[in-house]
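Undergrad:
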Amino acid sequence: MGEIHPQVKAAREKSLASDHLGALEILERALSSESGCPELLAERGLLLTLLQREDEALECLLAAPTAPEAGQLAQVLRNYFFCRALMATKLGFDDALGRELQGRLDAEFPGTPTPQTGIRLSACLIVKNESKHLVRCLKSIAGKVDEIVVVDTGSTDDTVEIAREFGAVVGFFEWCDDFAAARNESLRLATGDWALWIDADETVDPGSWNAIQEGLMRPQFGGYYLDIVNYMDESGENACYIHAPVRLFRLLPETTFEGRIHEQIIPSLDRMGLPCASLKGAKIHHFGYRPSDMAEKRKAERAIRMLEREVRESPGDAFQWFNLANAYSVVQRHEDAIQAARKCIALLDPRNAYASLAYQILSCALTLSGRPAEALSVCEEARERGHFTVLNSFELTHALFRLRRFEEALEASDECMGMTWPEGLTGDFSILTYKRHTLRGQILCELGRLNEALSLLDHSLSLDPEFAIARFSKGIVLEKMGRTESALDLYESCFESPGIAQPALKAAARVCRSLGREADARSLSERAWYTDPDDLDSWSEWVSSLERDRNIDGLLKAYEAYAKLREPNTAILINWGRALQEAGEFEAALRCFVQAIQQSPGDSNAHFNAGDALYRIGSFPQATQFYESGLRLDPTNSEGWFMLGNAMGQIGVWQGAKLAYEQALRFDPNHEKALANLSVAVEELAAA
49 MGEIHPQVKA AREKSLASDH LGALEILERA LSSESGCPEL LAERGLLLTL LQREDEALEC
109 LLAAPTAPEA GQLAQVLRNY FFCRALMATK LGFDDALGRE LQGRLDAEFP GTPTPQTGIR
169 LSACLIVKNE SKHLVRCLKS IAGKVDEIVV VDTGSTDDTV EIAREFGAVV GFFEWCDDFA
229 AARNESLRLA TGDWALWIDA DETVDPGSWN AIQEGLMRPQ FGGYYLDIVN YMDESGENAC
289 YIHAPVRLFR LLPETTFEGR IHEQIIPSLD RMGLPCASLK GAKIHHFGYR PSDMAEKRKA
349 ERAIRMLERE VRESPGDAFQ WFNLANAYSV VQRHEDAIQA ARKCIALLDP RNAYASLAYQ
409 ILSCALTLSG RPAEALSVCE EARERGHFTV LNSFELTHAL FRLRRFEEAL EASDECMGMT
469 WPEGLTGDFS ILTYKRHTLR GQILCELGRL NEALSLLDHS LSLDPEFAIA RFSKGIVLEK
529 MGRTESALDL YESCFESPGI AQPALKAAAR VCRSLGREAD ARSLSERAWY TDPDDLDSWS
589 EWVSSLERDR NIDGLLKAYE AYAKLREPNT AILINWGRAL QEAGEFEAAL RCFVQAIQQS
649 PGDSNAHFNA GDALYRIGSF PQATQFYESG LRLDPTNSEG WFMLGNAMGQ IGVWQGAKLA
709 YEQALRFDPN HEKALANLSV AVEELAAA
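Heads up: take any position in the sequence shown, counting from 1, add 48, and you land on the working numbering.
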């Protein structure tokens, strides 16, 4: 075998990195100086078949019939024209140009073997209790595919009957916590030349079939990446996450799925040396990530359990670490997502399509767990490594916003707003369509540019009226504009929205308070605290409102609720004890004060309040002990000295009482009660 032309070698390296256009540029530059070089022409022809430009590839072949790769190129083109003819016959289309091109190929290369391939398409599904979705799915493919194969893994509803009504080949498989094994059973039953992998909660977009038919004519590819549009909300189709796995692929004996969860077909295609291409114009809609479906099937918990097993058994699998990080992120287990995303990034092949998203998951989890400065570093690392897309730009802006670096956040937003969605990017597509507009609106609001902020938020809500963050943020803008009633309406619309309900309740309480609706404000602060028991601001607003209203029963209910959810601190124990005293529950109050002393022995206030509780129940000797311990901590407290004098007077220690009253007057000469009681003590001592 002769030496490979250096430009052919360079082009192949580019092509292996999926940069076919870059490879073509290398060859065309080389041909500009070696226009008739057979090796370069044949290589260009092979490359053109990967770019789905077979007509041009044929011209290269005919110009270089003696090239070392001419036989390979002839076979690729023979396969294509054969399948093209089959498709024309199937569709009842007279493809005169195709016949002409095939005739030219056959005339020059008459010995090219007859292709061992075809265009029959089998749709392959695995199902369990999918009667809710299956009809919609099968309607989207019925009459378009040549065969439907449905493998049931244990349905107890009428899933199997529905499949049979659509003429499906039905198989059964005992579920073993292994998606790949179940899917391989569907491939075993399929008889087509190609397989379309689809799930029951998905549909093929009606506009996809022309692209799919084009794909079936090109067996030079092992499979095709299709955009999967995952809808993430119940109300519409705006909040969507896009990824592009191989879903249409050659059905060969060696074609098998791998991976118990987030199973993949690509490894088996790679082993056969079959490249994959993007199938532009084709997409699948996926509805199974909507919250109701996720909850109904407990998908998140199952996915995490299976993925944790995968990474235990294959700790070097970057893809499964990525999937695990994503699964943790969905259920807001941010610390776990951080650890899994870091593992993924450490193992990443730079060419992986999900690299940008892995960095986004990590930076987002860091920001949401209160570490936005670390998130900034992750975003910059993504930039340095060539994985910086609109996803990472959005997270960079978000981190700066959380750090309250609003001018810098606005600059970052400028970059983000100018970015597009590159082909093959996996991630949240709504970042491009309206979430980046919402974030920019939030930044402008903080900078006081309220009209601009309002315009951006209205844009977001025009695309997704149910996007709670945009509704809440618009409420903030309107509140700052003085349009409080309109702001309140928006806040109220967010009360049931996960993640935004608590700040919406707080904001609504603030507005109600400004409007003089104290009872409503108090109720909203209570709800805000129950939504997030770590929010002590809402707790304080609730309790302060009860105190202003002298609502002792409400206060006691509030303190009891607090104690059920978290450990009361010293200040709360003291205030709880005071409320109990006002309710006449002195012994319960004393327990609060004693607990406060045990928690904070150096808090003089706790000692004085314990003394007061004992005084109220007539335990004067014990009361003196707590007053004395409090005064050791706060010796200038005039009220403490006064109460010590009272307790001593109650047990007849008038000399001590006299000294205590004198100390009270020393630190507060205007203490009228101390002055009056001092006179009593002096009289008692004189009488004795």
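Glycine included, each C-beta is placed from N, C-alpha and C at the ideal position.
Any idea if T97 is buried or exposed, counting beta-carbon neighbours within 10 angstroms, 16 or more meaning buried?
TA: Here residue 97 refers to the residue found at position 49 of the sequence shown. So T97 ends up on the buried side.
Undergrad: Give me the Cα-Cα distance between V525 and I491, rounded to the nearest whole angstrom.
TA: Here residue 525 corresponds to residue number 477 of the sequence shown, with the count starting at 1. Here residue 491 corresponds to residue number 443 of the sequence shown, with the count starting at 1. Approximately 11 Å between the Cα atoms of the pair.
Undergrad: Determine the direct distance from the alpha carbon of R561 to that of D597, and round the result to whole angstroms.
TA: By 1-based counting over the sequence shown, the position of residue 597 is 549. By 1-based counting over the sequence shown, the position of residue 561 is 513. Approximately 14 Å between the Cα atoms of the pair.
Undergrad: For the putative contact between L405 and L355, defined by C-beta atoms under 8 Å, what is the C-beta separation to the nearest angstrom?
TA: Within the sequence shown, residue 405 is the residue found at index 357, counting from 1. Within the sequence shown, residue 355 is the residue found at index 307, counting from 1. No, L405 and L355 are not in contact; Cβ-Cβ is about 16 Å, not under 8 Å.
Undergrad: Please specify which runs of the beta strand (DSSP E), each continuous and at least 3 residues long, are wholly inside the segment 154-225, giving them in chain order.
TA: Within the segment 154-225, the complete beta strand (DSSP E) runs of at least 3 residues are 169-175, 195-200 and 217-220.
Undergrad: DSSP beta-bridge partners for Y279?
TA: Numbered from its first residue, the sequence shown carries residue 279 at position 231. Note: Y279 sits in a beta bridge opposite C288.
Undergrad: Under 7 Å between the Cβ atoms of Y199 and A211?
TA: By one-based count along the sequence shown, residue 199 stands at place 151. By one-based count along the sequence shown, residue 211 stands at place 163. A quick correction: the sequence has Val, not Tyr, at residue 199. Cβ atoms of V199 and A211: not closer than 7 Å.
Undergrad: Within 10 Å of its beta-carbon, does R714 have 16 or more other beta-carbons around it, so buried, or fewer, so exposed?
TA: The residue given as residue 714 occupies position 666 in the sequence shown. Its Cβ having fewer than 16 others within 10 Å, R714 is exposed.
Undergrad: Below 7 Å CB to CB, which residues in the same chain sit around Q55 once its five sequence neighbours on both sides are set aside?
TA: In the sequence shown, the residue the question calls residue 55 occupies position 7. These residues qualify, in order along the chain: I74, L75, A78 and L88.
Undergrad: First and last residue of the beta strand (DSSP E) that includes A248?
TA: Taking the first residue of the sequence shown as position 1, residue 248 is located at position 200. Element bounds for A248: n/a, residue is neither H nor E.
Undergrad: Taking buried to mean at least 16 other C-beta atoms within 10 Å of its own C-beta, is E91 buried or exposed?
TA: In the sequence shown, the residue the question calls residue 91 occupies position 43. Result: buried.
Undergrad: Measure the C-alpha to C-alpha separation of Y709 and S573 and round it to an integer number of angstroms.
TA: Counted from its first residue, the sequence shown places residue 709 at position 661. Counted from its first residue, the sequence shown places residue 573 at position 525. In a straight line, the C-alpha of Y709 is about 43 Å away from that of S573.
Undergrad: For the beta strand (DSSP E) that Q332 lies in, which residues bound it at each end?
TA: Numbered from its first residue, the sequence shown carries residue 332 at position 284. Residue identity check: residue 332 is Ile in the sequence provided, not Gln. C324 to H334 is the span of the beta strand (DSSP E), which, as asked, contains I332.
Undergrad: Compare the C-alpha of L509 against each of E494, L495, G489 and E527 and name the closest.
TA: Start at 1 with the first residue of the sequence shown, and residue 509 comes out as number 461. For the residues E494, L495, G489 and E527, the minimum Cα distance to L509 belongs to G489.
Undergrad: Bridge partners for G271 per DSSP, in chain order?
TA: The residue you call residue 271 lines up with position 223 of the sequence shown. According to DSSP, which records beta bridges pairwise, G271 is partnered with F297 and C324.
Undergrad: Using a Cβ-Cβ cut-off of 6 Å (strictly less than) and excluding sequence neighbours within five positions of L322, which residues of its own chain qualify?
TA: Sequence index remark: in the sequence shown, residue 322 carries index 274 (1-based). Correct list, in chain order: G270.
Undergrad: Could you tell me the distance, in whole angstroms, from the CA atom of E306 to the CA atom of V359?
TA: What you label residue 306 is simply residue 258 of the sequence shown in a count that begins at 1. What you label residue 359 is simply residue 311 of the sequence shown in a count that begins at 1. One C-alpha to the other measures close to 14 Å.
Undergrad: If you reduce the DSSP assignment to three classes, tell me which class D384 lands in.
TA: Against the sequence shown, residue 384 aligns to sequence position 336. In the structure shown, D384 sits in a helix (DSSP, three-state: H, G or I).
Undergrad: Evaluate contact between the segment 424-431 and the segment 442-451, counting only Cβ atoms and requiring at least three cross-stretch pairs below 8 Å.
TA: The segment 424-431 vs the segment 442-451: in contact.
Undergrad: Tell me, please, whether the segment 409-417 touches the segment 377-388 by the rule of three or more beta-carbon pairs shorter than 8 Å.
TA: Counting Cβ pairs under 8 Å, three or more are found: they touch.
Undergrad: Using the Cβ count rule (16 or more neighbours within 10 Å means buried), how would you classify F141?
TA: Here residue 141 is taken as the residue at index 93 of the sequence shown, counted from 1. It counts as exposed.
Undergrad: Apart from the five residues on each side of it in sequence, which residues of its chain come closer than 7 Å, Cβ to Cβ, to L613?
TA: Stepping through the sequence shown from its first residue, residue 613 is reached at position 565. Once the five neighbours on either side are set aside, the close Cβ partners of L613 are P581.
Undergrad: Just curious, the alpha helix (DSSP H) that L451 is in, first and last residue?
TA: On the sequence shown, residue 451 is found 403 positions in, with the first residue counted as 1. Taken as a continuous stretch (DSSP letters only), L451 belongs to no alpha helix (DSSP H), as it is neither H nor E.
Undergrad: Quick check on the burial criterion: 16 or more other C-beta atoms within 10 angstroms. Buried or exposed for N499?
TA: As a working note, residue 499 is residue 451 in the sequence shown. It is exposed - the Cβ of N499 has fewer than 16 other Cβ atoms within 10 Å.
Undergrad: Quick check: the Cα distance between L707 and Q673, rounded to an integer number of angstroms?
TA: Start at 1 with the first residue of the sequence shown, and residue 707 comes out as number 659. Start at 1 with the first residue of the sequence shown, and residue 673 comes out as number 625. Approximately 16 Å between the Cα atoms of the pair.
Undergrad: So what does DSSP say about D568, is it helix, strand or coil?
TA: In the sequence shown, the residue the question calls residue 568 occupies position 520. Of the three classes helix, strand and coil, the one that applies to D568 here is helix, per DSSP.
Undergrad: Keeping to the same chain, check which residues put their C-beta closer than 7 Å to that of K737; ignore five residues upstream and five downstream.
TA: Within the shown structure, residues of the chain are numbered from 49 to 736, placing residue 737 beyond reach of any answer.
Undergrad: Tell me whether G475 sits in a helix, a strand or coil according to DSSP, three-state version.
TA: As a first step, residue 475 must be located in the sequence shown, where it is residue number 427. The answer is strand: DSSP assigns G475 an E or B state.
Undergrad: Pick from C172, L487 and T474: whose alpha carbon is nearest that of S461?
TA: Within the sequence shown, numbered from 1, the residue matching residue 461 stands at position 413. Among C172, L487 and T474, the Cα nearest to that of S461 is on L487.
Undergrad: Enumerate, from N- to C-terminal direction, the unbroken alpha helix (DSSP H) stretches of 4 or more residues contained entirely within the segment 356-441.
TA: Runs found: 366-378, 382-395, 403-416 and 420-432.
Undergrad: Answer with buried or exposed for T468, where buried requires no fewer than 16 other C-beta atoms within 10 angstroms of its C-beta.
TA: Taking the sequence shown and counting its residues from 1, one reaches residue 468 at position 420. By the neighbour-count rule (16 or more Cβ atoms within 10 Å), T468 is not buried but exposed.
Undergrad: Quick test of the definition: if touching needs 3 or more C-beta pairs under 8 Å, does the segment 147-158 touch the segment 216-235?
TA: Because the criterion of three Cβ pairs below 8 Å is not met, the segment 147-158 and the segment 216-235 do not touch.
Undergrad: Using DSSP with H/G/I as helix, E/B as strand and the rest coil, what is E544?
TA: Taking the sequence shown and counting its residues from 1, the one referred to as residue 544 is at position 496. Note: E544 maps to coil in three-state DSSP.
Undergrad: Which of helix, strand or coil does DSSP assign to Q261?
TA: Within the sequence shown, the letter at position 213 stands for residue 261. Here Q261 sits in helix by DSSP.
Undergrad: For the segment 169-178 against the segment 201-210, do three or more pairs of beta-carbon atoms, one drawn from each stretch, fall closer than 8 Å, so that the two count as touching?
TA: With the cut-off at 8 Å, the segment 169-178 and the segment 201-210 touch.
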